[in-house]
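Engineer: Below: one structure in structure tokens.
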Amino acid sequence: MRALTWHGTRDVRVETVPDPVIQEPTDAIIKVTSSGLCGSDLHLYEVLGPFMTEGDILGHEPIGIVEDVGSAVDLKVGDRVVVPFQIACGSCEMCDLGLQTQCETTQVRDQGMGAALYGYTKLYGSVPGAQAEYLRVPRADYNPIKVPDGPADDRFLYLSDVLPTAWQAVEYAAIPAGGSVVVLGAGPIGDMACRIAAHRGHHVIAVDLVPERLARVRKFGAETIDLRDLEGHEVADMIRNVTEGRGPDAVIDAVGMEAHGSPSATVAQRLAAMLPDRIAERMMHTAGVDRLASLHAAVDIVRRGGTISIVGVYGGAADPMPMLTMFDKQVQLRMGQANVRRWVDDILPFLTDDDPLGVDSFASHRMPLEDAPYAYEIFQAKKDGACKIVFSL
Ligand code: NAD
Ligand code: ZN
Ligand code: ZN
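The numbering used here applies: residue -3 is where the sequence shown begins, and numbers increase by one.
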């Protein structure tokens, strides 16, 4: 089959690799029909190289058709399914708590990490990813979400990641009824979080530095601040001006660690590449405060006693944070990868023909998988209006 494979920093290639096969009775194979490109893939593209192995297949946002099933799987060949980006068992204590990201059955113990993820380095189990024609789905007795035939893939594709991730970001933000939220980062995740929060009637202010992305969220009722227009003003001051002087009830950090090739990230990566894995892991944090720029801004912006919901991925093992201010402001912090299955039933009622969250037109670009290296390039550089890119297979 054809698949997108990792070969080094900013070096991904579409290659022919062996087709996946059923290995366990709980496996399924799906023929992928659409697969998303995610901000999380950019971390692999740019910063997390030391945790990758050459030839790893990337991607974790697939929808497709069941091609083959193991004996313990209820799905039928021909079923249309979305596959969550994490692999959970659905029956351990953590899964029962709705913490599928912490699944005790699939957690990657030797790396001290949570549930296994598709296409996400040896830290998360080295599971082959979904930017490929076929995907082996472990624990297919629990994870795949069966969706109806009929609507285009875009209607359901984002259940794999963007929708539950943005949904959880808003839930974790604990915004009071009619309250305010600032969303830092208007990439696909921040964009969808804005849409969900606005739909719930909150006052939403999105902050980014890519005008096309800010224009997208304005259509869904968010106010926007373009960081490039600040001309020496502090973003926190601007936001306090429009939130009764206090700051918003919540801030969602949908940026995460620097994914855009900052000099410090590049230095950290070069250092980490020379070290054994466990030490490299600890090394990755030394890049300094600018890797945490967005999180520092969130602490500054949020009102006293407000909540910061961190949905952007941070990978440093010992990143410094302003504990004095956080403690004094009584900031509440929630974070983590989305527990996908936990939110699916809440989200499905929004995936209808009237499309209140705009999923049908959410993709800024659709391309054949063969163009994936170009897609990574423009998504990373935020060129040509690239926001959500979906591969057609
Ligand atoms: P993305 O990386 O393109 O989005 C980041 C956005 O932040 C960009 O639009 C960028 O211009 C903007 N930005 C950069 N620096 C900024 C700053 N200082 N202030 C404000 N905005 C700034 O893509 P994405 O897919 O939206 O991903 C966003 C983050 O969410 C990534 O870190 C990704 O790994 C993470 N993510 C987390 C989960 C989860 O389960 N928690 C799932 C998917 C993605
Ligand atoms: Zn993703
Ligand atoms: Zn579990």
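Just so you know, even glycine gets a beta-carbon here, dropped at the ideal spot from N, CA and C.
How many angstroms separate the CA atom of Thr12 from the CA atom of Gly125?
Structural biologist: 14 Å
Engineer: Might you give, ordered along the chain, the residues of its own chain that have their beta carbon closer than 6 Å to the beta carbon of Thr1, omitting 5 neighbours on each side?
Structural biologist: Arg9, Glu11, Gly51 and Ile53
Engineer: Report whether the distance from the Cβ of Glu20 to the nearest heavy atom of ligand 3 is below 7 Å.
Structural biologist: no
Engineer: Nearer than 7 Å: is that true of the beta carbon of Val247 relative to any heavy atom of ligand 1?
Structural biologist: Answer for Val247: no, Cβ out of range of ligand 1.
Engineer: So is Asp380 buried or exposed if we call it buried at 16+ other beta carbons inside 10 Å?
Structural biologist: exposed
Engineer: Just how far apart, CA to CA, sit Thr49 and Thr117?
Structural biologist: 7 Å
Engineer: Within 8 Å, do at least three Cβ pairs link the segment 240 to 253 to the segment 174 to 183?
Structural biologist: yes
Engineer: Tell me which residues share the same chain as His199 and place their Cβ nearer than 6 Å to its Cβ, disregarding the 5 neighbours each side in the sequence.
Structural biologist: Ser176
Engineer: Indicate whether Tyr120 and Leu131 have their beta-carbon atoms separated by less than 8 Å.
Structural biologist: no
Engineer: Distance, Cα to Cα, Asp296 vs Gly312?
Structural biologist: Each residue's Cα considered, the two are about 20 Å apart.
Engineer: Does the contact criterion of 3 or more C-beta pairs under 8 Å hold for the segment 187 to 202 versus the segment 364 to 378?
Structural biologist: no
Engineer: Looking only at C-alpha atoms, which of Asp145, Phe346, Gly55 and Asp150 sits nearest to Ile61?
Structural biologist: Asp145
Engineer: Report yes if the C-beta distance between Arg300 and Gln96 is below 8 Å; otherwise report no.
Structural biologist: Not in contact: Arg300 and Gln96 (Cβ atoms no closer than 8 Å).
Engineer: Which residues share a DSSP beta bridge with Leu113?
Structural biologist: Gln82
Engineer: Can you tell me whether Ala231 is helix, strand or coil according to DSSP?
Structural biologist: Reading off the sequence shown, one finds Val at residue 231, where the question assumed Ala. In this structure, Val231 counts as helix in the three-state DSSP scheme.
Engineer: At a cut-off of 7 Å, is Thr101 close to ligand 3 when judged by its beta-carbon and the heavy atoms of the ligand?
Structural biologist: yes
Engineer: If I follow the unbroken alpha helix (DSSP H) through Leu131, where does it start and stop?
Structural biologist: No alpha helix (DSSP H) contains Leu131, which is instead part of the beta strand (DSSP E) from Tyr130 to Val133.
Engineer: Taking Cys190 and Ala173 to be in contact with their CB atoms under 8 Å, please state how far apart those CB atoms are, rounded to whole angstroms.
Structural biologist: Their Cβ separation, rounded to whole angstroms, is 18 Å, which puts Cys190 and Ala173 out of contact at 8 Å.
Engineer: Taking 7 Å as the cut-off, does the CB of Glu42 come closer than this to any heavy atom belonging to ligand 2?
Structural biologist: no
Engineer: Apart from the five residues just before and just after Gly354, which ones in its own chain have a Cβ nearer than 7 Å to its Cβ?
Structural biologist: Arg191 and Phe216
Engineer: Using the rule of at least 16 other Cβ atoms within 10 Å of the residue's Cβ for burial, across every protein chain shown, is Thr321 buried or exposed?
Structural biologist: exposed
Engineer: With the cut-off set at 8 Å, would you say Ile69 and Thr22 are in Cβ contact?
Structural biologist: Just to set this straight, residue 69 is Val in the shown sequence, not Ile. It is a contact, given that the beta carbons lie within the stated cut-off.
Engineer: Take every Cβ of the segment 33 to 47, pair it with every Cβ of the segment 137 to 154, and state whether three or more of those distances are shorter than 8 Å.
Structural biologist: no
Engineer: Using a 10 Å radius around the Cβ and a threshold of 16 neighbouring Cβ atoms, would you call His56 buried or exposed?
Structural biologist: His56 comes out buried.
Engineer: For Leu155, I'd like the list of residues in its chain whose CB is within less than 7 Å of its CB, leaving aside the five on either flank, ordered along the chain.
Structural biologist: Val78, Ile141, Val340 and Ile343
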